[in-house]
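Q:
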Ligand SMILES: Nc1ncnc2c1ncn2[C@@H]1O[C@H](COP(=O)(O)OP(=O)(O)O)[C@@H](O)[C@H]1O
Ligand SMILES: [Mg+2]
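Protein chains in written order, with my numbering: chain A, -5 to 275; chain B, 4 to 255.
This is the structure in structure tokens:
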């Protein structure tokens, strides 16, 4: 739990923030489990998007999932998150245990509540669970906001923040939940290239040690952040890992991953072509 | 600063303009005073009959405000109940939908028979008129919570009652606010119609009374007092609603 054990820096003096261990054994990044999905299936109007799909995520690592839009990435993510309406399949950790209560979910929209301040948005989880919001929790929220560079915006409502700032608040809220598994659906898609680049480094830093599934359409993002890279393509969709993640720990500098970007782009373009042809057939 | 001053002065300028047009129409048409009294004649009636007008206005305003308060209270409670308990939704929602089709004004004579000539029948009338827009707007808002927020709440392990209170209710406040705005605009109609049907006090009663005696200037004066109150009430509620949901303005 490296990040909770550090002092709060600027404003906290020698205080040490520890996340209260209210959620028994599995909480925290140190026990990040692997994830197994078996026999995932999804069909709409008789069209099979995927069928008998298996996916394994290594514990404590970031897995990036790419693929043409409409292939079923979001559906797969929601299946793991326990939010699936139409998709089915068995989902558990590598011990076969359910993941319930161990997942933090970050959707493509920031999903900030517009009537709450940034800080109160971070405290939404405890509030909805009926936990009493303690001073320590508030301090942890402020600490996380400081880490994402928004210490000054703690009292601002989302309406007063830019897109990049809102996405950072959403990231901080995801981390506030302090779950060992983090599922992110194109979290930085709407942002400009520079902001995205900065946020990627921040996210890799803050997410380290957790089991992360990151859906993205940005090859550079996948190559910078992923310990492993999967492409979902075809109909019914299959997973492939023909493009290996570059060596070195994320976040990798952009110039170190440039040589693989071409290969990944080619792979994605082929997937998109296949998707179009399948659609025409 | 000049913009702020202009904003304050604008309503008065509009009012002065309307009065001028009214006076001009009166002069041009040469209508007799018992058909269309000029603003000066109405002003005179307003001053000379002020104690009487004030007494009746007080009755009507009380009816409107009580109706607004009761209608808002009952409406929000009903909407919450319908939104949170499925059995209630099954039984109450069809009743609500059907009852919305009944013209409430048609109930006025019955209410007077049941509750008498006093204030009660008018308060109930105003309450009924306010109840429906408030209930349906708030319920609609509660039903249309952004699905992404509910998904998020689910992954967070949120409790049902807490999700209702911390998420669905605040998310529905803008909808409740617009329902309340509509309700405020129609509330005075409820009270006045109730008074027309049968009463011994109130601006509606005074207008009928003056009408029967061809005191058109007094009728206009009563109408003027009612209009000023209704407009003032509307803007007050509008202000309060905007203040209660400040994020709505920020989002745009
Ligand atoms: N509720 C739904 N009804 C019908 N089709 C849906 C529904 N949800 C998703 N789909 C279809 O499923 C496919 C996969 O969607 P999604 O998982 O969002 O793909 P991705 O995230 O890869 O873009 C899309 O083609 C979409 O049209
Ligand atoms: Mg998607």
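We put the beta carbon where it would ideally sit given N, CA and C, even for glycine. Here the structure is a predicted model, which is why all the values come from computation and not from measurement.
Please confirm whether residue -1 of chain A has its beta-carbon closer than 8 angstroms to some beta-carbon of chain B.
A: For residue -1 of chain A, the predicted model reports a pLDDT of 39, less than 50, meaning its position is unreliable; a value from the coordinates is still stated below. No - not a single Cβ of chain B is within 8 angstroms of the one on residue -1 of chain A.
Q: Residues with a Cβ closer than 6 angstroms to any heavy atom of ligand 1, in chain order?
A: The answer, residue by residue, is A:38, A:43, A:61, A:63, A:64, A:65, A:66, A:67, A:68, A:69.
Q: Mind pulling the chain A residues with CB within less than 9 angstroms of residue 140 of chain B?
A: Per Cβ cutoff of 9 angstroms: no residues; residue 140 of chain B is ~18 angstroms from chain A at best.
Q: Going along chain A in order, which residues have a C-beta closer than 9 angstroms to the C-beta of residue 162 of chain B?
A: Near residue 162 of chain B (Cβ distances below 9 angstroms), the residues of chain A are 122, 123, 124.
Q: Give the range of the beta strand (DSSP E) segment to which residue 288 of chain A is assigned.
A: As shown, chain A starts at -5 and ends at 275. That puts residue 288 of chain A outside it, with no answer to give.
Q: Taking the continuous alpha helix (DSSP H) assigned at residue 188 of chain A, which residues delimit it?
A: Residue 188 of chain A -> alpha helix (DSSP H) spans 187 to 201.
Q: Just to confirm the assignment, what range does the beta strand (DSSP E) spanning residue 49 of chain A have?
A: Note, residue 49 of chain A: beta strand (DSSP E), 41 to 51.
Q: Decide if residue 93 of chain B is buried, meaning its Cβ has at least 16 other Cβ atoms within 10 Å, or exposed.
A: Counting Cβ neighbours within 10 Å, residue 93 of chain B comes out exposed, since fewer than 16 surround it.
Q: Can you list the residues of chain A that residue 151 of chain B reaches, using a CB-CB cut of under 7 angstroms?
A: By Cβ distance, chain A contributes 101, 103, 105.
Q: On the three-state DSSP scale, how would you describe residue 38 of chain B?
A: Three-state result, residue 38 of chain B: coil.
Q: Does the separation of the CB atoms of residue 235 of chain A and residue 222 of chain A fall below 8 angstroms?
A: Yes, the pair counts as a contact, with Cβ atoms nearer than the cut-off.
Q: Have a look at residue 70 of chain B and residue 131 of chain B and give me their C-alpha separation to the nearest angstrom.
A: Straight-line Cα distance between these residues: approximately 8 angstroms.
Q: First and last residue of the beta strand (DSSP E) that includes residue 82 of chain B?
A: No beta strand (DSSP E) holds residue 82 of chain B; the alpha helix (DSSP H) holding it covers 53 to 87.
Q: Under the rule that 16 or more other beta-carbon atoms within 10 Å means buried, what is residue 190 of chain B, buried or exposed?
A: It counts as buried.
Q: List the residues of chain A whose Cβ lies closer than 8 angstroms to the Cβ of residue 157 of chain B, in chain order.
A: Residues of chain A passing the Cβ test: 76, 77.
Q: Where do the ends of the beta strand (DSSP E) carrying residue 37 of chain A lie?
A: Taken as a continuous stretch (DSSP letters only), the beta strand (DSSP E) holding residue 37 of chain A covers 29 to 38.
Q: Whole angstroms are fine: how far does the CA of residue 184 of chain A sit from the CA of residue 146 of chain A?
A: Approximately 23 angstroms, taken between the alpha carbons.
Q: At a threshold of 7 angstroms, does residue 79 of chain A count as lining ligand 2 (C-beta to nearest heavy atom)?
A: Answer for residue 79 of chain A: no, Cβ out of range of ligand 2.
Q: Examine chain B for any beta-carbon lying closer than 8 angstroms to the beta-carbon of residue 108 of chain A, and answer yes or no.
A: So yes, residue 108 of chain A belongs to the interface.
Q: Which residues of chain B have a Cβ atom closer than 9 angstroms to the Cβ of residue 56 of chain A, listed in chain order?
A: Neighbours of residue 56 of chain A on chain B: none; closest Cβ ~19 angstroms, over 9 angstroms.
Q: Have a look at residue 52 of chain A and residue 88 of chain A and give me their C-alpha separation to the nearest angstrom.
A: Rounded to whole angstroms, residue 52 of chain A to residue 88 of chain A spans 9 angstroms at the Cα level.
Q: So is residue 97 of chain A in contact with chain B if we call contact Cβ pairs under 8 angstroms?
A: Yes, residue 97 of chain A counts as interfacial toward chain B.
Q: Where do the ends of the beta strand (DSSP E) carrying residue 98 of chain A lie?
A: 97 to 100 is the span of the beta strand (DSSP E), which, as asked, contains residue 98 of chain A.
Q: Apart from the five residues on each side of it in sequence, which residues of its chain come closer than 8 angstroms, Cβ to Cβ, to residue 190 of chain A?
A: Counting only Cβ-Cβ distances below 8 angstroms, and skipping sequence neighbours, we find 182, 212, 215.
Q: Output needed in chain order: residues of the region 221 to 239 of chain A with a Cβ under 8 angstroms from some Cβ in chain B.
A: Those residues of the region 221 to 239 of chain A that come within reach of chain B (Cβ to Cβ, closer than 8 angstroms) do not exist; the list is empty.
Q: For a test of the three-state rule: what should DSSP assign to residue 227 of chain A, helix, strand or coil?
A: Reduced to three states, the DSSP call for residue 227 of chain A is strand.
Q: Return no unless some Cβ of chain B is closer than 8 angstroms to the Cβ of residue 40 of chain A.
A: Cβ-Cβ to chain B under 8 angstroms: no for residue 40 of chain A.
Q: Does the region 110 to 120 of chain A come close enough to the region 159 to 169 of chain A to have 3 or more Cβ pairs within less than 8 angstroms?
A: Cβ pair count under 8 angstroms is three or more, so yes.
Q: Would you identify the three-state DSSP class for residue 8 of chain A, choosing helix, strand or coil?
A: Confidence at residue 8 of chain A is low in this model, with a pLDDT of 39, below 50, so its placement is unreliable and the value that follows should be read with caution. Coil at residue 8 of chain A, not helix or strand.
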